[in-house]
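Peer 1: Structure provided below as structure tokens; questions to follow.
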Amino acid sequence: MSTMLNAFISRLVGKVRGFGADRRGNVAMIFGIAAVPTILAVGGFIDYERGSLARAQMQDALDATALALHTDAATMTQTQMNDFATKYFAANFANSDAFDVVVTPNYDKGGPTVTVTGSASVNTNFLPIIGIKKLDIGAVATTTWGRSRLRVALVLDNTLSMKQDGKMDALKTATTNLLGQLKKAATVDGDVYVSIIPFGKDVNADKTNYTKSWVRWDWTNSDGSLSTESWDANNGSCTVSGKSPRATCTSSGSCSISSKTTQSSCTTPSCSISGKTTQSACTSAGTCSISSKTTQSTCTAAGTCSKSSYTSQSTCTSNRGTWTAGVWTTGVWSSGVWTAGVWTPAAHSTWNGCIMDRDQDYDVQNTAPTSGSTLFPAEQYTENSGCPGKLIGLTYSWTDLQKVVDGMSPAGTTNQTIGLQWGWQSLTAAPFTVPALDPDYDYKTVIIMLTDGVNTENRWNSFVSTGNSAVDTRERALCTKLHQEQITVWTVQVNTGTGKNKDPTQQVLIDCASSSDKFSELTTADQIITTFDAIGKALTDLRLSS
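Under my numbering, the residues of the sequence shown are numbered 4 to 549, in order.
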């Protein structure tokens, strides 16, 4: 525009000098002529401002055209680019003064860069008097991308309450739209990677991973005793019916003496004759098959006849009766054999995929799982319909990502911390396969977390419907680390309740967001869609502008 202004001033100065050199005419004419440069100057600046406005509007339209063109330029022919740019520019350039408008796009794969050049003319109203009938304007817009790449973890609430007020349906629509935006922001595969971590109390690491070494099945408490939380302690069968979990099973059992129901009573020696409490008293005593006989001698000398009218052996047998002599049974001193219950853990292939929080403080770290407390503990969580939808690590397979979205289903209670921790894990460390960073690019790592409820429980803290400050404490510790790692965090609270059912605004979410403009509190399900759309635009702009 400085060229246009300089040309105008140069021509105006020439005309003024021409007036000054002409000394003919009277005083009135001189004053009249002297007024012409002033009128020209004012009118010229008006024409100049019209040209400046047209050029500014052209620049805006070219910027919008370049941004719109960059997503598909690499796959378009020059003819297709020309047609797209001309139409898109025309839809965004509203200036009736401009004519002979020409828009020329160019794609340079070496950048890669899209450049859109525009030119036009604007008729003048005052300047034709000095021979300037039009002002030529022009502008250039350039969009360069490829130096910045995005890695985005979507941490999405799949708790049972998401079933209410259309929230889950809106979340699926919003996430689908966001994936579309992120896909368009990628020029080539690898420009944008996305992971999706649905969460409830647990996350669902996919039951097909039951053979992986990073899953922890059986662990002990700090004192070395078997933890009652472990998979192998909770899921299995006992040889003693109805005895579970594992600790209950192994402390129960059965005795070889049916009347003895505890291990102590079973293994404590006793006499077969009631009331005999010492071994000597027991073995010297006995019982007779004929109840009236209390000594061994009288017992064996006595007997009974099959014909009850005969009371002696001789009369019994002589009358064809059968004589049965008394049998003396000496007391037996012995102890029973106790057989403890045997616990057989359920096959790990029956696992439903649930993973609970790691041991503290690994629950707020992104340490790769190698052994012990760094491993991820399996849980057969079934409360409130079990696990949330399956998660997926970083990928640019938009089809696979969409399958995860389609499979999301509301289940369980709220533990935002585990969702965030796995979101961080997906961006940085095993058990995920994290694509290597190319040193020729800058990388932006982002977590977007949406939740509709306050934290209610985690591995260590039981369900509290009004919010669990202990779970918040773990989340704050995790968010502090995310900020230290310069991971950009967006947090979204969906708060559709009313009156006493309305949740309080979650300060932990406000604090976890990287900045105040990255926290949103929504009151309707539809706002999930518009909010994700705005975040998607911000991420696209982030990639293009850096």
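All C-beta atoms, glycine included, are put in the ideal place defined by N, C-alpha and C.
Would you list the one or two residues that DSSP bridges to Q496?
Peer 2: T454, E524
Peer 1: If you run the structure through DSSP and keep just helix, strand and coil, what is Y313?
Peer 2: coil
Peer 1: Classify F102 as buried or exposed, calling it buried when 16 or more other Cβ atoms lie within 10 Å of its own Cβ.
Peer 2: exposed
Peer 1: Between the beta-carbon of T416 and the beta-carbon of T459, is there less than 8 Å?
Peer 2: Yes.
Peer 1: Roughly how many whole angstroms lie between the Cα atoms of Q419 and S518?
Peer 2: 19 Å
Peer 1: Which whole-angstrom value describes the C-beta separation of K560 and V408, a residue pair presumed to lie in contact below a C-beta threshold of 8 Å?
Peer 2: Residue 560 is absent from the structure shown; the chain starts at 4 and stops at 549.
Peer 1: Go to R152, then tell me how far its beta strand (DSSP E) extends in each direction, as first and last residue.
Peer 2: 151–160
Peer 1: May I ask you to report which of helix, strand or coil DSSP gives P438?
Peer 2: coil
Peer 1: Specify the secondary structure class of W425 as computed by DSSP and reduced to three states.
Peer 2: helix
Peer 1: Quick one: Cα of W326 to Cα of T332, how far?
Peer 2: 19 Å
Peer 1: Taking DSSP as the reference, what is the three-state secondary structure of D75?
Peer 2: coil
Peer 1: Count the other CB atoms, across all protein chains shown, that sit within 10 Å of the CB of D172; report buried if there are 16 or more and exposed otherwise.
Peer 2: exposed
Peer 1: Thinking A288 and G334 are a contact (beta carbons under 8 Å), I'd like their distance in whole angstroms, please.
Peer 2: 4 Å
Peer 1: For S5, is the classification buried or exposed, using 16 other Cβ atoms within 10 angstroms of its Cβ as the cut-off for buried?
Peer 2: Only weak support exists for where S5 lies, its pLDDT of 48 falling under 50; the coordinates are left without a value.
Peer 1: Given this structure, state the Cα-to-Cα distance separating I276 from G245, to the nearest angstrom.
Peer 2: Approximately 33 Å between the Cα atoms of the pair.
Peer 1: Would the beta-carbon of G422 fall within 8 Å of that of F96?
Peer 2: No, the pair does not count as a contact, with Cβ atoms beyond the cut-off.
Peer 1: Quick one, which of D139, M165, A69 has its alpha-carbon nearest T120's?
Peer 2: A69
Peer 1: Quick one: what's got a C-beta closer than 7 Å to N387's C-beta in the same chain, skipping five residues either side?
Peer 2: L163, A414, G415, T416
Peer 1: Do the CB positions of G329 and C308 come within less than 8 Å of each other?
Peer 2: no
Peer 1: Using only CA atoms, which one of T80, L72, T82, Q81 lies nearest to F92?
Peer 2: L72
Peer 1: Rounded to the nearest angstrom, what separates L550 and Y213 at their Cα positions?
Peer 2: Past the edges of the chain, shown from 4 to 549, lies residue 550, and the structure says nothing about it.
Peer 1: Nearest to P380 by CA position, among T508, R462, A123, is which residue?
Peer 2: Answer by Cα proximity: R462.
Peer 1: Please classify G306 as buried or exposed, where buried requires at least 16 neighbouring CB atoms within 10 angstroms.
Peer 2: buried
Peer 1: Apply the 10 Å Cβ neighbour rule to E52 and answer buried if 16 or more other Cβ atoms are within range, or exposed otherwise.
Peer 2: exposed
Peer 1: Look at the Cβ atom of I490, then the Cβ atom of T448, and state whether they are nearer than 8 Å.
Peer 2: yes
Peer 1: Taking the alpha carbon of A94 as the point to measure from, which residue in A67, T290, C482, S267 has its own alpha carbon closest?
Peer 2: A67
Peer 1: If we call anything under 8 Å between Cβ atoms a contact, is A350 one with A433?
Peer 2: no
Peer 1: Assuming G396 is part of the beta strand (DSSP E), what are its boundary residues?
Peer 2: Here the beta strand (DSSP E) through G396 covers 395–398.
Peer 1: Looking at C-alpha atoms only, which residue of D441, N128, T78, A59 is the closest neighbour of N109?
Peer 2: The residue with the shortest Cα to Cα distance from N109 is T78.
Peer 1: Are there 16 or more other CB atoms within 10 angstroms of the CB of D520, so buried, or fewer, so exposed?
Peer 2: exposed
Peer 1: For K175, which of helix, strand or coil comes out of DSSP?
Peer 2: helix
Peer 1: To which residues does DSSP link C357 through a beta bridge?
Peer 2: N207
Peer 1: Over the uninterrupted beta strand (DSSP E) stretch that includes V467, give me the two end residues.
Peer 2: Premise fails: V467 is in no beta strand (DSSP E) and is neither H nor E.
Peer 1: Which residue wins for smallest C-alpha separation from M452, given the options S321, R477, W493?
Peer 2: W493
Peer 1: Which stretch, first to last residue, makes up the beta strand (DSSP E) that contains I199?
Peer 2: 195–202
Peer 1: Hey, would you say Q392 sits closer than 8 Å to C357, going by beta carbons?
Peer 2: First, the residue type needs correcting, since residue 392 is Gly and not Gln in the sequence shown. No; because the gap between Cβ atoms is not below 8 Å, this pair is not in contact.
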